[in-house]
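Chemist: Here the protein sequences come in this chain order: X and V.
Using the working numbering, you'd call the opening residue of the first sequence number 1 and step up by one each time.
Using the working numbering, you'd call the opening residue of the second sequence number 1001 and step up by one each time.
The following block contains the structure, expressed as structure tokens.
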Amino acid sequence: MYLTGAEVVMESLVREGVEVIFGYPGGANMPIYDAMMNYPIKHVLTRHEQGAAFAADGYARASGKVGVAMATSGPGATNLVTGITTAMMDSSPVVYITGQVASSLIGGDAFQETDVTGITLPITKHNYLVTSAAQLAETIREAFYIARSGRPGPVLIDICKDTQFEKVWFEYSEEEVVLPGYKPPLHATKQSLDAAVKLIQNAKRPVILAGHGVLMSGAMGELAEFAEKTQTPVALTLLGLGAFPAGHPYHLGMMGMHGTAHANFAIQNADLILAFGMRFDDRVTGTLHTYAARARKIHVDIDSSEFNKNVKVDLTLLGDLQTVLADLNPIVPKLQHPEWLEQIQAWKQESAQRDILYWEQNGKLHAAHVIHDFWKQSLGEKIVTTGVGQHQMWTAQYYVQEKPYRLITSGGAGSMGFGTPSALGAWFANPDKEVWTIEGDGSFQMSLNELATLKQENANVKILLINNGFLGMVRQWQEFFFDKRYAATPITGPDFVKLAQAYDVPSIAVNQRDQINGALEMAQRTYGPVLIEFQVEPEDCVYPMVPSGAALDEMLLRPIKVNA
Amino acid sequence: MQHTLIAKVENKPGVLNRIASLFRRRNFNIDSLNVGRTENPEISRMTIVLDHSDLEPDMVKNNLYKLVNVIDVQDVTNQPTVTRDLALIKVAANHEKRHEITNLASIFRANVIDVASDSIILEITGTVDKIESLMELLRPFGIIEMVTTGQVAMLRGKANGYHPNGHKEISSLERGI
Chain X
1 MYLTGAEVVM ESLVREGVEV IFGYPGGANM PIYDAMMNYP IKHVLTRHEQ
51 GAAFAADGYA RASGKVGVAM ATSGPGATNL VTGITTAMMD SSPVVYITGQ
101 VASSLIGGDA FQETDVTGIT LPITKHNYLV TSAAQLAETI REAFYIARSG
151 RPGPVLIDIC KDTQFEKVWF EYSEEEVVLP GYKPPLHATK QSLDAAVKLI
201 QNAKRPVILA GHGVLMSGAM GELAEFAEKT QTPVALTLLG LGAFPAGHPY
251 HLGMMGMHGT AHANFAIQNA DLILAFGMRF DDRVTGTLHT YAARARKIHV
301 DIDSSEFNKN VKVDLTLLGD LQTVLADLNP IVPKLQHPEW LEQIQAWKQE
351 SAQRDILYWE QNGKLHAAHV IHDFWKQSLG EKIVTTGVGQ HQMWTAQYYV
401 QEKPYRLITS GGAGSMGFGT PSALGAWFAN PDKEVWTIEG DGSFQMSLNE
451 LATLKQENAN VKILLINNGF LGMVRQWQEF FFDKRYAATP ITGPDFVKLA
501 QAYDVPSIAV NQRDQINGAL EMAQRTYGPV LIEFQVEPED CVYPMVPSGA
551 ALDEMLLRPI KVNA
Chain V
1001 MQHTLIAKVE NKPGVLNRIA SLFRRRNFNI DSLNVGRTEN PEISRMTIVL
1051 DHSDLEPDMV KNNLYKLVNV IDVQDVTNQP TVTRDLALIK VAANHEKRHE
1101 ITNLASIFRA NVIDVASDSI ILEITGTVDK IESLMELLRP FGIIEMVTTG
1151 QVAMLRGKAN GYHPNGHKEI SSLERGI
């Protein structure tokens, strides 16, 4: 059939199974928006293109499918940039479709013209400029394939306006995409598997570092089998939380800057590190020259450019994690490490003493208590997104993850403003569930315009706002390292309850611990968006903390406060 | 220590930009980069010479593989290869000096490709060492300008430097074991 370029775009999206697009119309993508009215794809109008990018990312992470965001040329496209970086850093499969000025105007500084493929070159897995409708269908097919395969990531397609009008013969190939320079690896070599078995056999104090790759390849079952067969404890990265059940005796919790003390001690004292689908980010290593200095290191990843990038390793296994572990599990012997597990148990005891559960009730409302109580009240079963900062770390620590794919957070990029729009996207992936976003007052104020979107879509998204009147994470650093000079960290906000009311969103403010459950229940009884503002202690700190420039086991620990 | 990589890339607009952008972004310093056509019109070939003692050639190679348009990368540093660079050198030469310069040129098998009343252009092909030796000898006459194409490299023998499985070769596999 003959279609316009704009119809080719929509028809191709239908073939790719797209259910929802988050976007914003403008001059250069109007033909696509016009065609959209004839296709069974839901469009969600966010209040800023950044919100559309974050929502598409949240949708992708919650559904395991490719998210789609749309924007017009120039400022529309540049507003996507933070969202694209966020998806790139966290390997999230999102396709962005941007309008571009007519191909005859390119290079002439036309109205709303920007070199979008140039700008997004280093922050996409791949990108395209399409100037002919004949290339459109194949380009979209490639883009979805590249976004979701191998190490997933963002792909951008910039489409000229005249291309959207141009008529072409439409065909959509059902065959698998073949690209001469793109072959995602699957199996690790036999040689590297055998070498791994040898190292695993000889280890006395092994630790698994499980990252986002476990979740992306769906290797949770294989990971648990490996850990149990070799009696190896598992520490998780922020994005790996949920990859290994928190209730498992070998679970060490999160590693790194705000990780558990016992995870960090285990890593620093290990004689074998098994890095599964993680990339040794500086937030998990502390200083590199002191990092796990006595350990041999095995790195399993699907992206060979991660090998030896930050941490030099002894053995690399290139492949899809689920496949590699499925190959490895039958050939590793059953192992026992009783002394090592005992040592770890002792470290765990010490961590538990410093836990917030031992804090005395002092009549003040602590953010950590709010999140802990929410976890208890909701049985830890909600899909939760976060902004970036202290509230994000407390969520990682206290909204404990037993199951995969329930925590959605901006890890690598650390993009404030991610929480609310990503919750909107996650809800479209799970429209029959309740999605919560735990936000800070700083983060939320970067995306509070999306309250209108939540209301327009009547999205069942609950905003749990931690309001401490500070850009808390920066304030914490200022407290520890800048002599409590609070430069630009005190932040005011609107009356959040009134603000929500202005958007016709039910809301309530809480400042006592005994009111928490009542407020949560109110939010759960009310279908659609609800905002709960928790007015918490302004100067709490996230513990433990590895100061920058320190070794991983040189943590600042929470002072022990036990009830007398 | 210099490393020489040969990359085969799709002949599409913007591919050179992607590679240049990658090198900038990852802070890889390159000594020379040559791009040219191959026997296949859909494929271009790059010869990349890295001159950086603390740079891991595997890092560069693995990052190049991440680019969708890069088909194959080979580190040919420790393999039998022929490498050639082509230089054009313009030397100040009046008619008294001209004979001396053409004599030097013929020793190095360089060609005289332009003669003017006060200058001469030589074309020389060879390894970087050979070109630099000629340059040293020409310097006293006065080099007005020079340009090189950057090195191109090819494996000796029948091997065509192409891995059908590209990605799967891991040279650092057994490091430290």
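Glycine is no exception: its CB is placed at the ideal position from the N, C-alpha and C atoms.
Since we're looking at a predicted model, the values are computed, not measured.
Would you list the one or two residues that DSSP bridges to T316(X)?
Modeler: By 1-based counting over the first sequence, the position of residue 316(X) is 316. For T316(X), which the question treats as bridged, DSSP gives the partners H299(X).
Chemist: Counting only runs that start and end within the segment 1036-1073 of chain V, where is the beta strand (DSSP E) found for 3 or more residues in a row?
Modeler: Within the segment 1036-1073 of chain V, complete beta strand (DSSP E) segments of at least 3 residues are found at 1043-1051, given in chain order.
Chemist: Go ahead and label H1095(V) buried or exposed: buried means 16 or more other beta carbons lie within 10 angstroms of its beta carbon, across all protein chains shown.
Modeler: Position 95 of the second sequence, counted from the start, is the residue given in the question as residue 1095(V). Its Cβ having fewer than 16 others within 10 Å, H1095(V) is exposed.
Chemist: Buried or exposed, going by whether 16 or more other CB atoms sit within 10 Å of the CB of F481(X)?
Modeler: For this step, residue 481(X) is matched to residue 481 along the first sequence. F481(X) should be labelled exposed.
Chemist: Can you confirm whether the segment 37-49 of chain X touches the segment 8-21 of chain X when touching is taken to mean that 3 or more C-beta pairs between the two stretches lie within less than 8 Å?
Modeler: Yes: at least three Cβ pairs fall under 8 Å.
Chemist: For the putative contact between T453(X) and G51(X), defined by C-beta atoms under 8 Å, what is the C-beta separation to the nearest angstrom?
Modeler: Looking up residue 453(X) in the first sequence gives position 453. Looking up residue 51(X) in the first sequence gives position 51. About 7 Å separates the two Cβ atoms, so the contact holds.
Chemist: What separation, rounded to the nearest whole angstrom, lies between the Cα atoms of G566(X) and V1147(V)?
Modeler: No answer is possible for residue 566(X): the residues shown for chain X start at 1 and end at 564.
Chemist: When you compare each of L465(X), G27(X), D57(X), Q535(X) to F428(X) by their alpha carbons, which one comes out closest?
Modeler: Along the first sequence, read from residue 1 onward, the residue named residue 428(X) stands at position 428. The residue with the shortest Cα to Cα distance from F428(X) is D57(X).
Chemist: If you run the structure through DSSP and keep just helix, strand and coil, what is W394(X)?
Modeler: Here residue 394(X) corresponds to residue number 394 of the first sequence, with the count starting at 1. Looking at W394(X) - three-state DSSP - the assignment turns out to be helix.
Chemist: Would you kindly check if the distance between the Cβ of T232(X) and the Cβ of P249(X) is under 8 Å?
Modeler: The count along the first sequence starts at 1 and reaches residue 249(X) at position 249. The count along the first sequence starts at 1 and reaches residue 232(X) at position 232. No, the Cβ-Cβ distance between P249(X) and T232(X) is not below 8 Å.
Chemist: Taking the Cβ atom as the reference point for each residue, do D1075(V) and L1155(V) lie within a distance shorter than 8 Å?
Modeler: Your numbering for residue 1075(V) matches position 75 in the second sequence. Your numbering for residue 1155(V) matches position 155 in the second sequence. Not in contact: D1075(V) and L1155(V) (Cβ atoms no closer than 8 Å).
Chemist: Give the secondary structure of P1164(V) by DSSP, where H, G and I count as helix, E and B as strand, and everything else as coil.
Modeler: By 1-based counting over the second sequence, the position of residue 1164(V) is 164. Note that P1164(V) has pLDDT 49, beneath the 50 cutoff, so the model's placement of it is unreliable and the number below is only indicative. Coil at P1164(V), not helix or strand.
Chemist: Whose CA, out of P180(X), F470(X), L236(X), lies closest to the CA of P490(X)?
Modeler: On the first sequence, residue 490(X) is found 490 positions in, with the first residue counted as 1. Cα-wise, what sits closest to P490(X) is F470(X).
Chemist: Report back the beta-carbon spacing between G286(X) and L552(X) to the nearest angstrom; my notes put them in contact at under 8 Å.
Modeler: As a working note, residue 286(X) is residue 286 in the first sequence. As a working note, residue 552(X) is residue 552 in the first sequence. 4 Å between Cβ atoms; contact.
Chemist: Just to confirm, is the Cβ distance from I408(X) to R151(X) under 8 Å?
Modeler: By one-based count along the first sequence, residue 408(X) stands at place 408. By one-based count along the first sequence, residue 151(X) stands at place 151. No, the Cβ-Cβ distance between I408(X) and R151(X) is not below 8 Å.
Chemist: Going straight from the alpha carbon of L335(X) to that of G259(X), what length do you get?
Modeler: In the first sequence, counting from the first residue as 1, residue 335(X) sits at position 335. In the first sequence, counting from the first residue as 1, residue 259(X) sits at position 259. Cα to Cα, L335(X) sits roughly 27 Å from G259(X).
Chemist: Output the residue ranges of the beta strand (DSSP E) runs that lie fully inside the segment 26-113 of chain X and measure 3 residues or longer, sorted by chain position.
Modeler: 42-45, 67-71, 94-100
Chemist: Are the C-beta atoms of K376(X) and some chain C residue less than 8 Å apart?
Modeler: Any reference to chain C falls outside this structure, whose protein chains are X and V.
Chemist: Give the DSSP-derived three-state secondary structure of H1003(V) in the structure shown.
Modeler: Numbered from its first residue, the second sequence carries residue 1003(V) at position 3. Strand, per DSSP.
Chemist: For R15(X), does the three-state DSSP call read helix, strand or coil?
Modeler: Within the first sequence, numbered from 1, the residue matching residue 15(X) stands at position 15. Residue state, collapsed to three classes: helix.
Chemist: Interface residues of chain X around I1071(V) at Cβ under 7 Å?
Modeler: Here residue 1071(V) is taken as the residue at index 71 of the second sequence, counted from 1. Result: P180, G181.
Chemist: Is the Cβ-Cβ distance between M1059(V) and K309(X) less than 8 Å?
Modeler: By one-based count along the second sequence, residue 1059(V) stands at place 59. By one-based count along the first sequence, residue 309(X) stands at place 309. Taking 8 Å as the Cβ cut-off, M1059(V) and K309(X) qualify as a contacting pair.
Chemist: Using 10 angstroms around the beta-carbon of I1177(V), count the other beta-carbons present and answer buried if the total reaches 16, otherwise exposed.
Modeler: Against the second sequence, residue 1177(V) aligns to sequence position 177. Note on I1177(V): pLDDT 33, under 50, position unreliable in the model; no value is reported.
Chemist: Taking the alpha-carbon positions, what's the A87(X) to Y96(X) distance?
Modeler: Reading the first sequence from its first residue, position 87 is the one you call residue 87(X). Reading the first sequence from its first residue, position 96 is the one you call residue 96(X). Distance between the alpha carbons of A87(X) and Y96(X): 11 Å.
Chemist: Count the C-beta pairs between the segment 367-380 of chain X and the segment 220-232 of chain X that are closer than 8 Å, then say yes if the count reaches three, no if not.
Modeler: Counting Cβ pairs under 8 Å, fewer than three are found: no touch.
Chemist: Name the chain X residues whose beta carbon is nearer than 7 Å to that of S1021(V)?
Modeler: Taking the second sequence and counting its residues from 1, one reaches residue 1021(V) at position 21. By Cβ distance, chain X contributes L121, P122.
Chemist: For R406(X) versus G528(X), is the C-beta spacing smaller than 8 Å?
Modeler: Residue 406(X) sits at position 406 when you count from the first residue of the first sequence. Residue 528(X) sits at position 528 when you count from the first residue of the first sequence. No, they are not a contact pair.
Chemist: Quick one: is P338(X) buried, meaning 16 or more other Cβ sit within 10 Å of its Cβ, or exposed?
Modeler: On the first sequence, residue 338(X) is found 338 positions in, with the first residue counted as 1. So P338(X) ends up on the exposed side.
Chemist: So what does DSSP say about H248(X), is it helix, strand or coil?
Modeler: What you label residue 248(X) is simply residue 248 of the first sequence in a count that begins at 1. Coil, per DSSP.
Chemist: Interface residues of chain V around S305(X) at Cβ under 8 Å?
Modeler: Within the first sequence, numbered from 1, the residue matching residue 305(X) stands at position 305. Result: M1059, N1062, N1063, Y1065, K1066.
Chemist: Go through its chain and collect everything with a Cβ distance to G1150(V)'s Cβ below 8 Å, but skip five positions before and after it.
Modeler: Numbered from 1 along the second sequence, position 150 holds the residue referred to as residue 1150(V). The residues are S1032, L1033, N1034, T1047, V1049, D1085.
Chemist: Taking R1018(V) as the query, report the chain X residues whose CB atoms sit under 7 Å from its CB, ordered along the chain.
Modeler: If you number the second sequence from 1, residue 1018(V) lands on position 18. In chain order: L121.
Chemist: Listed from N- to C-terminal order along the chain, which residues in the segment 1136-1151 of chain V have their beta-carbon within a distance smaller than 8 Å of any beta-carbon of chain X?
Modeler: none
Chemist: In the DSSP assignment, find the unbroken alpha helix (DSSP H) run with G118(X) in it and report its ends.
Modeler: The count along the first sequence starts at 1 and reaches residue 118(X) at position 118. G118(X) -> alpha helix (DSSP H) spans 116-120.
Chemist: Can you tell me where the alpha helix (DSSP H) holding A147(X) begins and where it ends?
Modeler: Along the first sequence, read from residue 1 onward, the residue named residue 147(X) stands at position 147. Residues 136-148.
Chemist: Roughly how far, in whole angstroms, is the beta-carbon of Q535(X) from the beta-carbon of N460(X), given that I think they are within contact range, below 8 Å?
Modeler: Taking the first residue of the first sequence as 1, we reach residue 535(X) at position 535. Taking the first residue of the first sequence as 1, we reach residue 460(X) at position 460. So it is not a contact: roughly 25 Å between Cβ atoms.
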